[in-house]
Amino acid sequence: MRIVVLAGGIGGARFLTGVRATGAEVTAIVNVGDDVTLHGLRICPDLDSVMYTLGGGADAGRGWGRAGESWVVKEELAAYGAEPAWFGLGDKDVATHLVRTRMLDAGYPLSAVTEALCARWQPGIRLLPATDDRMETHVVVGDPDRAIHFQEWWIRYRAKLPARRFVFVGAEGAKPAPGVLDALAEADVVLVAPSNPVVSIAPILAVAPLREALVSGPGKVVGVSPIIGGAPVRGMADRCLRAVDVPCTAAGVGGLYGARSAGGILDGWLVDPTDAGTAVDGVRVATCPLLMSDETATVAMVRAALELA
Ligand code: GDP
Ligand code: CA
């Protein structure tokens, strides 16, 4: 079976461990809207979260970055007063960004760079950026309007600056990375990971030809809710949903994605038993415990999503 998964960082990575365990041929299409250049380094947080997690190198407690990390480079940069100081740049992580930046500077597209990095990490799935084109999520805040990079809003301001809207800079005209359209055209099932709908999944769908291929593809599309009982399981998705006027509920996010038969993307929507009774027009809803507490629980979620498909 061929499964394509749309994924952000931490929620996407955890979910993908369960998808990989099914033994299917898995392609993950990963958000690049979080990508940022800091201290001259190109950083791809969501791709790296997925790569490190599936490659067994992630810090499980923190959820992002490398296990056994040290922070000498970050401290030394701070000693120079080099801004920004708010980004968590671990020493081991820096090596990844150095290799990536050097390859990008040499002219390799991000998809090729990702493949090269994965030669070390052997994630057991195919990892594709949504696009090789430069695309970044910016957040319009304040009065008068000013736009800041998503990472600054998320990490520096802990998503507490009221967001007026999110802009996916570069999405217009962005082309899906090589392999993305083929994967969608050949998918038996497409799963939307329980990732942040506003800043992880929406920027993937903002690549117009990718969204079209998803909607017109042969595989059933099933989403998994990142919201349980009216709250994100972790993170600050509630603040993102507020900015786009969507209720922070399983029904709200299901409605945001919408039915494939009505211009949206979903055929099925998987919610937690806490949210039994959730209805989304034109979408078949099923329930399954959605806490990814360990791989067994995550695999059960994936099986329920595949059954729904
Ligand atoms: P990020 O890019 O690192 O922020 O990660 P994602 O966008 O992939 O995932 C963040 C989302 O994952 C948050 O909205 C969480 O609610 C959701 N999430 C995290 N852990 C779980 C879990 O165990 N179950 C479910 N259903 N959602 C989760
Ligand atoms: Ca992210």
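The working numbering applies: residue -16 is where the sequence shown begins, and numbers increase by one.
Ideal placement from N, C-alpha and C gives every residue a C-beta, glycine not left out.
Every value quoted in this text rests on a predicted model; they were computed, and no experiment measured them.
Counting along the chain, G251 sits inside the beta strand (DSSP E) bounded by residues 251 to 254. Membership of K143 in any alpha helix (DSSP H) is not indicated, and neither H nor E is assigned to it by DSSP. Minimum Cα-Cα distance from Q105 among the listed residues A220, K143, G38 corresponds to G38. When DSSP reads this structure, L21 sits in a beta bridge with L24. Distances between the C-beta of G(-6) and the heavy atoms of ligand 2 are all 6 Å or more. Linking A160 to S183 through their CA atoms gives a straight-line distance of about 17 Å. Residue burial annotation: E290 is exposed, with fewer than 16 other C-beta atoms found within 10 angstroms of its C-beta. Leaving aside the five residues that flank G200 on each side, the residues in its chain whose CB is nearer than 8 Å to its CB run, in chain order, L167, A168, A170, V173. CA-CA distance, P28 to R45, rounds to 13 Å. With a 10 Å radius around the Cβ and a threshold of 16 neighbouring Cβ atoms, V55 comes out exposed.
Contact between T97 and L110 is confirmed by a C-beta separation of about 6 Å, below the 8 Å threshold.
G235 and A142 have their C-alpha atoms roughly 20 Å apart.
When C-beta atoms of the region 118 to 132 are compared with those of the region 144 to 160, three or more pairs fall below 8 Å, so the two segments count as touching. Judged by their CB atoms, T257 and G202 are not nearer to each other than the 7 Å cut-off.
With a cutoff of 7 Å on beta-carbon distance, P230 and P209 are scored as not near each other. Relative to ligand 1, the beta carbon of L110 is positioned no closer than 6 Å to any heavy atom.
Listed in chain order, the alpha helix (DSSP H) runs fully inside the region 166 to 198 are 185 to 188, counting runs of at least 4 residues.
A residue is called buried when at least 16 other Cβ atoms come within 10 angstroms of its Cβ; L100 meets this threshold and is buried. Per DSSP, V9 is not a residue of any alpha helix (DSSP H); the beta strand (DSSP E) it occupies stretches across 8 to 13. Around the beta carbon of D76, 16 or more other beta carbons sit within 10 angstroms, so the residue counts as buried. The residues G206, G247, I248, L249, in chain order, have a CB closer than 6 Å to that of Y240 in the same chain once the five nearest residues on each side in sequence are set aside.
Excluding residues up to 5 positions away in sequence, S208, I210, I211, W252, V254, D255, D258, T261 lie with their Cβ nearer than 8 Å to the Cβ of A233 in the same chain. Nearest Cα to E135 within the set K57, V(-12), L273, A68: A68.
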